[in-house]
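Visitor: Numbering (the numbering used here), first residue to last: 1323 to 1420. Positions of the beta carbon are idealized from the N, C-alpha and C atoms, including for glycine.
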């Protein structure tokens, strides 16, 4: 609740389900295993999978692909969520649209 996202987002709300999803994604990335997760509307899924992914990229210097089903979600990620997350985490990770 007092982390970098909470400081950056005035309307931030702590969601235990979001934390659980982020921890599952982090564990999957660390162990090289798949993570299949489902969460309802309002959980904050994009930040829950993007935050551990950014940290994983920083740690290992690798690359990742995030694929979306819709252009609307792609726009949300590229125009809002990824820039916000990278700024909040003060991350040097770069994002590009292919």
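1) I think residue 1361 touches residue 1367, with their Cβ atoms under 8 Å apart; what is that distance to the nearest whole Å?
2) Per the contact definition of three or more C-beta pairs closer than 8 Å, is the stretch 1350-1360 in contact with the stretch 1387-1396?
3) Along the alpha helix (DSSP H) that carries residue 1371, what are the first and last residues, could you check?
4) Alpha carbon to alpha carbon, how far is residue 1365 from residue 1337?
5) Is the beta carbon of residue 1344 closer than 8 Å to that of residue 1328?
6) Starting from residue 1412, trace the alpha helix (DSSP H) both ways and give me its first and last residue.
7) Give the secondary structure of residue 1363 by DSSP, where H, G and I count as helix, E and B as strand, and everything else as coil.
8) Can residue 1378 and residue 1406 be called in contact, C-beta distance under 8 Å?
9) What number of angstroms, rounded off, separates the C-alpha of residue 1330 from the C-alpha of residue 1386?
Guide: Result, derived from the coordinates:
1) With 8 Å as the limit, residue 1361 and residue 1367 qualify as a contact, their Cβ atoms being about 5 Å apart.
2) Counting Cβ pairs under 8 Å, fewer than three are found: no touch.
3) Annotation for residue 1371: the continuous alpha helix (DSSP H) segment containing it runs 1367-1382.
4) Spanning the two alpha carbons is a distance of roughly 7 Å.
5) No, the pair does not count as a contact, with Cβ atoms beyond the cut-off.
6) It is not in any alpha helix (DSSP H) - residue 1412 carries neither H nor E in the DSSP assignment.
7) Coil.
8) A distance of 8 Å or more separates the beta carbons of residue 1378 and residue 1406.
9) The alpha-carbon atoms of residue 1330 and residue 1386 are separated by roughly 24 Å.
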